[in-house]
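Undergrad: Handing you a structure now.
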Amino acid sequence: MVNSLFEEKLGSNEFLVTTEIGPPKGVDISEMVHHIDLLKEKVDAINVTDHQSSMMRFPSVGGCFLIKERGGEPILQMTCRDRNRLALQADLLLAYSRGITNVLCLTGDCVDVGDHKEAKPVFDLDSVQLLKMIRTMESGTDVAGNALKGVPKFCLGASVHPEADFIDPQLVKFEKKVTAGAQFFQTQGIFDLVSLRRFMQFASPFNVKILAGIIVLASARMARYMNDNVPGIIVSQAIIDELTNAEKGKGLQKGIEIAARFVKTIKEEKLCHGVHIMAVGSERIVPDILEAAQVSGAHR
Amino acid sequence: MIIAQPKPLEETRRMITPYQRVLIVGCGTCMTVCDAGGEHEVSYLRNALQVAQARSGNGTHTFSEYTLKRQCDSEFLNLLADKVGDVDAILSLGCGIGVQAIAEHFPDIPVLPGVNTSFMGMAKEWGVWDERCAACGDCRLEETAGICPITRCTKGILNGPCAGTKNGKCEANKDADCAWVLIYKRLERLGQLDKMRRYYPPRNFRTIPRPKRLVSKVNINTGGDNG
Ligand code: SF4
Ligand code: SF4
Chain Z
1 MVNSLFEEKL GSNEFLVTTE IGPPKGVDIS EMVHHIDLLK EKVDAINVTD
51 HQSSMMRFPS VGGCFLIKER GGEPILQMTC RDRNRLALQA DLLLAYSRGI
101 TNVLCLTGDC VDVGDHKEAK PVFDLDSVQL LKMIRTMESG TDVAGNALKG
151 VPKFCLGASV HPEADFIDPQ LVKFEKKVTA GAQFFQTQGI FDLVSLRRFM
201 QFASPFNVKI LAGIIVLASA RMARYMNDNV PGIIVSQAII DELTNAEKGK
251 GLQKGIEIAA RFVKTIKEEK LCHGVHIMAV GSERIVPDIL EAAQVSGAHR
Chain D
1 MIIAQPKPLE ETRRMITPYQ RVLIVGCGTC MTVCDAGGEH EVSYLRNALQ
51 VAQARSGNGT HTFSEYTLKR QCDSEFLNLL ADKVGDVDAI LSLGCGIGVQ
101 AIAEHFPDIP VLPGVNTSFM GMAKEWGVWD ERCAACGDCR LEETAGICPI
151 TRCTKGILNG PCAGTKNGKC EANKDADCAW VLIYKRLERL GQLDKMRRYY
201 PPRNFRTIPR PKRLVSKVNI NTGGDNG
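Chains Z and D, in that order, are what the protein sequence lines are.
If you're matching positions, the first sequence starts at 1 in our numbering and goes up one per residue.
If you're matching positions, the second sequence starts at 1 in our numbering and goes up one per residue.
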């Protein structure tokens, strides 16, 4: 039995396209709603980030409600940074009760990289334990072993970092996530297809779907900034050069072009099962990328 | 060893404001080794307080000083008995345990903390100490090749590295090694990578009920009774 439209697609041989939106810092949700409407029919599912980069925002679950209300397919991002096991489970029950059944399980960034550096980080669980805990809930008990009244069912995802400069421990963790119950993976941003190919050689024997993370870069400066400041991101020199050589004022256009090229190649060469496009703040350009790459999700 | 740092002078001056005669008490063990509250620091602090008072022109404090071998043992605290008769407050340069030990020993005298107790650590080089144990009550060092993931990984996670590690460093601090990179490499070296492949369930935080008490066993190996 499948629990969501997205899970159904995971079971097919379709090329999957997901993207993500960052909720606002504040209560003005008009832009988020606009992005949801713009994207909901062009992709197979939309992630809502969970205080991305440890910056306090409107909650992920709230964004997912909106997607659901507007007829889209949400993926709830859940990090372990801000909630202990009680709060995580409670939020999952809430999400399930409102039809949100796709969950991306993440450990979460350190608070040190965010805008509330003095906050107490929680990390009661890690991403592997979160996956496992959700599977436990599905078997009818909470993580402490108490019976649940009404049992939820989820479609679970996780992340993986194919371009990590020391990949071996990441692969061990990938395997642990699969064993713990991950059905799909959205990778950290990919900037070099060689590493994706190499990773897929390792990952293909596992019965999970891999969606390559595509981060849209608007300028060489942004690329360098991400290299220096965003946990885990490694933008290749070739991409930085390409952005540097772009015509003045055409940085974003170049970024769209690069992203579209990655998407197209990944799809044509069947490098993995789909893509996850992260436009970090420029959600409006996602349709342009899809068009340039000649792919679209949900309504193909 | 316990590591601490001296409190800012201004904070210490504010703390002693209500008290005229202040006894500054150092600790001869951890606080001496980490340069936070040994005999040297006691006399240095006394001078600094006196100079600051003279400069500001409005102080009325008088200071005395004494350094104990250890502040966390009541045996040593007895040595203070004849020093505290005429003081209004004790400024302890012991760790938080020292401060509390003095407070328990002399219930009628206010005790003030002169240092910020920071962590339990190891000396890396002259004047540099690194945190190595958080006394979590459930030691994982056997699983993690002798490298503590609770203190050395910023997130204290148990199932391997997060995706934030870059160049072998932690996402939270580019000067700190990623604990899980270190753990992986050492497990590999020991031929014990299977330990990393294992699933580790969520931590049992009941192993650290507060407050803790440890009662020494006469002989653990032969199963002797409590002493
Ligand atoms: S796991 Fe780390 S914090 Fe816990 S007792 Fe062992 S060394 Fe200390
Ligand atoms: S980079 Fe390494 S040490 Fe830092 S939080 Fe991630 S796993 Fe822990």
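Glycine included, C-beta positions come from ideal geometry on N, C-alpha and C.
For a test of the three-state rule: what should DSSP assign to Z:Met278, helix, strand or coil?
TA: Correct three-state label for Z:Met278: strand.
Undergrad: I need the DSSP call for D:Gly224, collapsed to helix, strand or coil.
TA: Here the model assigns D:Gly224 a pLDDT of 42, short of 50, so the residue's position is not dependable, and the following value carries that caveat. The answer is coil: DSSP assigns D:Gly224 none of H, G, I, E or B.
Undergrad: Return the chain-ordered list of same chain residues with a C-beta closer than 8 Å to the C-beta of D:Leu33, the five sequence neighbours on each side being excluded.
TA: With the sequence shown as reference, residue 33 of chain D is identified as Val, and Leu is not the correct amino acid for it. Around D:Val33: Met1, Ala123.
Undergrad: Mind checking the segment 149-169 of chain D against chain Z and listing, in chain order, the residues whose C-beta falls within less than 8 Å of any C-beta there?
TA: If the cut-off is 8 Å between Cβ atoms, the segment 149-169 of chain D has Thr154, Lys155, Gly156, Ile157, Leu158, Asn159, Gly160, Pro161, Cys162, Ala163, Gly164, Thr165, Lys166, Asn167, Gly168 near chain Z.
Undergrad: Anyone know if the C-beta pair for Z:Pro74 and Z:Asn102 falls short of 8 Å?
TA: Cβ distance < 8 Å, so Z:Pro74 and Z:Asn102 count as in contact.
Undergrad: Can you tell me whether D:Ala172 sits near ligand 2, meaning its C-beta is under 7 Å from at least one heavy atom of the ligand?
TA: Correct: D:Ala172 has its Cβ closer than 7 Å to ligand 2.
Undergrad: Z:Ile285: which of Z:Ile256, Z:Gln188, Z:Thr265, Z:Cys272 sits nearest, CA to CA?
TA: Answer by Cα proximity: Z:Ile256.
Undergrad: Threshold first: 3 residues or longer. Then list the beta strand (DSSP E) segments lying entirely within the segment 148-205 of chain D, N to C.
TA: Listed in chain order, the complete beta strand (DSSP E) runs (minimum 3 residues) inside the segment 148-205 of chain D are 173-177.
Undergrad: Where Z:Gly11 and Z:Lys176 are concerned, what is the direct C-alpha to C-alpha distance, given to the nearest angstrom?
TA: Z:Gly11 and Z:Lys176: Cα-Cα distance of roughly 21 Å.
Undergrad: Quick check on this structure: which residue in Z:Phe6, Z:Glu7, Z:Leu16 has the alpha carbon closest to the alpha carbon of Z:Ile277?
TA: Answer by Cα proximity: Z:Leu16.
Undergrad: So, at 7 Å on beta carbons, what are the nonlocal neighbours of Z:Arg85 in its own chain, with the 5 sequence-adjacent residues on each side left out?
TA: Only Asp124, Leu125, Met133, Val143 meet the Cβ criterion.
Undergrad: Any idea if D:Asn159 is buried or exposed, counting beta-carbon neighbours within 10 angstroms, 16 or more meaning buried?
TA: Counting Cβ neighbours within 10 Å, D:Asn159 comes out buried, since at least 16 surround it.
Undergrad: Output needed for D:Val181: all residues of its chain with C-beta closer than 8 Å, excluding positions within five of it in sequence on either side, in chain order.
TA: Here the set comprises Pro161, Thr165, Gly168.
Undergrad: Closer than 7 Å by beta-carbon distance: list the chain D residues that pair up with Z:His161, in chain order.
TA: In chain order: Ala163.
Undergrad: Taking 8 Å as the CB-CB limit, is D:Arg197 close to chain Z?
TA: True, the Cβ-Cβ gap to chain Z drops below 8 Å.
Undergrad: Does Z:Arg300 have its Cβ less than 8 Å from a Cβ in chain D?
TA: For Z:Arg300, the predicted structure reports a pLDDT of 46, less than 50, and the residue's modelled location is therefore unreliable. The matter cannot be settled from this model.
Undergrad: Should D:Cys148 go down as buried or exposed, given a rule of 16 or more other Cβ atoms within 10 Å for buried?
TA: Answer is buried; the Cβ neighbour count reaches 16.
Undergrad: According to DSSP, is D:Phe119 part of a helix, a strand, or is it coil?
TA: The answer is strand: DSSP assigns D:Phe119 an E or B state.
Undergrad: The segment 196-213 of chain Z: which residues have C-beta closer than 7 Å to a C-beta of chain D, in chain order?
TA: Within the segment 196-213 of chain Z, no residue qualifies.
Undergrad: Which residue comes first and which comes last in the beta strand (DSSP E) that contains Z:Gln186?
TA: Its beta strand (DSSP E) spans residues 184-189.
Undergrad: Can you look up Z:His299 in the DSSP assignment and give me helix, strand or coil?
TA: Unreliable placement is indicated for Z:His299, whose pLDDT of 47 sits below 50; no coordinate value is reported for it.
Undergrad: With a threshold of 7 Å (Cβ to nearest heavy atom), would Z:Cys64 be considered close to ligand 1?
TA: Checking the Cβ of Z:Cys64 against ligand 1 gives no.
Undergrad: Would you mind telling me which residues of chain D sit closer than 9 Å to Z:Ala164, beta carbon to beta carbon, in chain order?
TA: Ordered by position in chain D, the residues that pass the 9 Å Cβ test against Z:Ala164 are Pro161, Ala163, Thr165, Lys166.
Undergrad: Show which residues of chain Z have a CB atom less than 9 Å away from the CB atom of D:Val181.
TA: Within chain Z, the residues near D:Val181 are Phe166, Pro169.
Undergrad: Which bits of chain D does Z:Val172 rub up against, with CB to CB less than 8 Å?
TA: Near Z:Val172 (Cβ distances below 8 Å), the residues of chain D are Gly160, Tyr184, Leu193, Met196, Arg197.
Undergrad: Within 8 Å of any Cβ in chain Z, is that where the Cβ of D:Pro8 sits?
TA: By this cut-off, D:Pro8 is not an interface position.
Undergrad: Threshold first: 3 residues or longer. Then list the beta strand (DSSP E) segments lying entirely within the segment 46-79 of chain Z, N to C.
TA: DSSP runs (the beta strand (DSSP E)) wholly in the segment 46-79 of chain Z: 74-79.
Undergrad: Determine, using beta carbons only, whether D:Glu171 comes closer than 8 Å to chain Z.
TA: Yes, D:Glu171 counts as interfacial toward chain Z.
Undergrad: Compute the beta-carbon to beta-carbon distance between Z:Asp112 and D:Ala172, rounded to the nearest angstrom, for a pair I have assumed lies under 8 Å.
TA: Correct: roughly 4 Å between the Cβ atoms.
Undergrad: Can you give the Cα-Cα distance for Z:Pro23 and D:Arg203, rounded to whole angstroms?
TA: Whole-angstrom Cα-Cα distance: 32 Å.
Undergrad: When you measure from the CB of Z:Thr79 to every non-hydrogen atom of ligand 2, does any distance come out below 7 Å?
TA: No, ligand 2 has no heavy atom inside 7 Å of this Cβ.
Undergrad: Taking Cβ positions only, does Z:Thr179 come closer than 8 Å to chain D?
TA: Chain D, which has a Cβ nearer than 8 Å to the Cβ of Z:Thr179, makes this yes.
Undergrad: Does any CB atom of chain D fall closer than 8 Å to the CB of Z:Gly232?
TA: Judged by the 8 Å Cβ criterion, Z:Gly232 is in contact with chain D.
Undergrad: Cutting at 7 Å between CB atoms, please list the residues of its own chain near D:Thr62, excluding the five before and the five after it.
TA: Within the same chain, D:Thr62 has close Cβ partners Gln20, Arg21.
Undergrad: Taking the straight line between their C-alpha atoms, what separation do you get for Z:Leu66 and Z:Ile46?
TA: Their backbone Cα atoms lie some 11 Å apart in a straight line.
Undergrad: Touch check for the segment 241-255 of chain Z and the segment 217-231 of chain Z: three-plus C-beta pairs under 8 Å?
TA: Verdict: yes, contact present.
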